[in-house]
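S.K.: Numbering (the numbering used here), first residue to last: 14 to 321.
Where is the CB? At the ideal position from N, CA and C, for every residue including glycine.
This one's a predicted model, so the numbers in the text were calculated from it and none came from an experiment.
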């Protein structure tokens, strides 16, 4: 059976204001409909063109939000997608994630990325130039903190010996790590750390090429079982949103259009790229009501056409 996760509106990126009520409603609706995970965005402080601020100026901090959602849901997995790892002290991140995993009874997924917005790094007094190196080391710090006490670590940015950091996560050896991105560095990082690789919305031919590159990266480090792949896929049910499903060149965008169009697109990615997991972004929804309707139509009408 196909697996579908869903990016909830903890930011204004869908075109309507993120609120506690909207976040909880979307999370609980996703659980009721059978999504296997909900994913939360991350930006701490931003500036930029109006469209950037309109989408990402109002973002509910994902780890804090996950703590509340853990108490308001029962089954569904709770994931960051992606947490900008260099923005936070990795020991605090590890402690927070382990605590969340305890309170949620093992439902946490840590999706991480290196970040990109230079002004955000500057405001946080974090170097932008070495964000990749920090991301790699911070993942190792988290893994060290999740191991049995006492713990030790020697890195370029953090060093400690014979220390204690509990509680440990419910999930052992630690919650699943998901790595986003399709750059050479991201693919190498996914090969080293990831249970799941999350490619960004990508044309099919590019996805297949990057999947091959990921396998090569795994071979280089002797990893025999590669990460699973959960494709990011933008969904626009045009009958609900009223938005034109075509791009600037007049071609229909993948995942945009009628229920039949969307199902056909997912089947093509499923069959040609051998995928059974998708992360859905419901684009074009101008309200929480449109989002809920789009989620329902997808799970009740599209999913039966792509399962199997």
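#1: Just to confirm the assignment, what range does the alpha helix (DSSP H) spanning residue 134 have?
#2: Please name the residue in 81, 39, 111 whose C-alpha comes closest to that of residue 183.
#3: Would you call the CB atoms of residue 52 and residue 76 closer than 8 Å?
#4: Measuring alpha carbon to alpha carbon, tell me which of 312, 320, 317, 319 ends up nearest residue 47.
#5: To the nearest angstrom, report how far apart residue 318 and residue 276 are at their CA atoms.
#6: Does the Cβ of residue 233 have 16 or more other Cβ atoms within 10 Å, making it buried, or fewer, making it exposed?
#7: Please check the pair residue 22 and residue 39, which I expect to be a contact at CB under 8 Å, by giving their CB distance rounded to whole angstroms.
#8: Whole angstroms are fine: how far does the CA of residue 221 sit from the CA of residue 175?
#9: Should residue 54 be labelled buried (16 or more other beta-carbon atoms within 10 Å of its own) or exposed?
#10: Could you check the C-alpha separation between residue 170 and residue 150 for me, to the nearest Å?
#11: In the structure shown, what three-state DSSP assignment does residue 37 receive?
#12: By how many angstroms is the C-alpha of residue 83 removed from the C-alpha of residue 118?
#13: Which whole runs of the beta strand (DSSP E) in the region 54-115 are 3 residues long or more, in chain order?
#14: List the endpoints of the continuous beta strand (DSSP E) containing residue 29.
#15: What is the DSSP secondary structure of residue 156, reduced to helix, strand or coil?
#16: Suppose you measure from the CA of residue 200 to the CA of residue 145; what does that come to, to the nearest Å?
#17: Taking residue 26 and residue 94 to be in contact with their CB atoms under 8 Å, please state how far apart those CB atoms are, rounded to whole angstroms.
#18: Please name the residue in 282, 137, 241, 108 whose C-alpha comes closest to that of residue 97.
#19: Using 8 Å as the Cβ pair cut-off and three pairs as the minimum, do the region 243-254 and the region 295-309 touch?
#20: Identify whether residue 319 lies in helix, strand or coil by the three-state DSSP scheme.
#21: Return the Cβ separation of residue 29 and residue 49 in integer angstroms, given the expectation that the two are a contact with Cβ distance under 8 Å.
#22: Would you call residue 274 buried or exposed, if buried means 16 or more other Cβ atoms sit within 10 Å of its Cβ?
#23: Look at the Cβ atom of residue 242, then the Cβ atom of residue 188, and state whether they are nearer than 8 Å.
#24: Excluding sequence positions up to five away, which residues of its chain have a Cβ less than 8 Å from the Cβ of residue 213?
M.R.: The structure says:
#1: Counting along the chain, the alpha helix (DSSP H) containing residue 134 begins and ends at 131-136.
#2: Closest option to residue 183, judged by alpha-carbon separation, among 81, 39, 111: 111.
#3: No; because the gap between Cβ atoms is not below 8 Å, this pair is not in contact.
#4: Comparing Cα-Cα distances from residue 47 to each of 312, 320, 317, 319, the minimum goes to 312.
#5: Spanning the two alpha carbons is a distance of roughly 6 Å.
#6: In the assembly as shown, residue 233 is an exposed residue. Its beta-carbon has fewer than 16 other beta-carbons within 10 Å.
#7: That belief holds up - the Cβ atoms of residue 22 and residue 39 are roughly 6 Å apart, short of 8 Å.
#8: Each residue's CA atom was taken as its position, placing residue 175 and residue 221 some 45 Å apart.
#9: Classification for residue 54: buried.
#10: Straight-line Cα distance between these residues: approximately 8 Å.
#11: Under the three-state reduction of DSSP output, residue 37 falls in the helix class.
#12: Their Cα atoms are separated by approximately 9 Å.
#13: Whole beta strand (DSSP E) segments, 3+ residues: 90-97.
#14: In the DSSP assignment, residue 29 falls outside any beta strand (DSSP E) and carries neither an H nor an E.
#15: Under the three-state reduction of DSSP output, residue 156 falls in the helix class.
#16: Cα to Cα, residue 200 sits roughly 12 Å from residue 145.
#17: The pair is not a contact, with the Cβ atoms about 12 Å apart (cut-off 8 Å).
#18: Nearest option by C-alpha distance: 137.
#19: Yes, the region 243-254 touches the region 295-309.
#20: DSSP, reduced to helix, strand and coil, places residue 319 within a helical segment of the structure shown.
#21: About 25 Å separates the Cβ atoms of residue 29 and residue 49, ruling out a contact at the 8 Å cut-off.
#22: With 16 or more other Cβ atoms from the protein chains shown falling within 10 Å of its own Cβ, residue 274 counts as buried.
#23: Taking C-beta atoms as the reference points, residue 242 and residue 188 fail to come closer than 8 Å.
#24: Only 193, 194, 195, 245 meet the Cβ criterion.
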